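Visitor:
In the working numbering, the protein residues as written are 983 to 1071.
1) If I measure Cβ to Cβ from residue 983 and keep anything under 8 Å in the same chain, skipping five residues before and after, which residues do I get?
2) Which stretch, first to last residue, makes up the alpha helix (DSSP H) that contains residue 995?
3) Please list the terminal residues of the continuous alpha helix (DSSP H) segment that includes residue 1032.
4) Rounded to a whole number of angstroms, what is the C-alpha to C-alpha distance between residue 1037 and residue 1067?
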């Protein structure tokens, strides 16, 4: 008595197995290439994001430093103006 389970499994695909093997292998290789490309893009974007965050922090510190210098210069200017007013009297 033949095993009908084997027959139904063998007939799942209409195409010959030799063609299916090539098709599935090519499909897998395309998926892997797409995954590698996506992974590479994610890595690049993560690196860019990290760089931009660091750069943003650096620029904020630089702005604070420049604001501090500006305040010192304004204070010095104000002091000099007061000196000039005193000398004019």
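From the three backbone atoms N, C-alpha and C, an ideal C-beta is built for every residue, glycine too. Note that the structure is a prediction, hence the values are computed from the model and not measured.
Guide: With the given structure in hand:
1) Here residue 983 is taken as the residue at index 1 of the chain shown, counted from 1. Summary for residue 983: the model assigns pLDDT 48, below 50, so the residue's position carries little reliability; its value from the coordinates is reported in the next sentence. Contacts found: none.
2) The residue you call residue 995 lines up with position 13 of the chain shown. Segment: none, residue 995 is in no alpha helix (DSSP H) and carries neither H nor E.
3) Here the question's residue 1032 lines up with position 50 in the chain shown. Looking at the DSSP string, the run of the alpha helix (DSSP H) that includes residue 1032 is 999 to 1070.
4) The residue given as residue 1037 occupies position 55 in the chain shown. The residue given as residue 1067 occupies position 85 in the chain shown. So the alpha carbons of these two residues sit roughly 45 Å apart.
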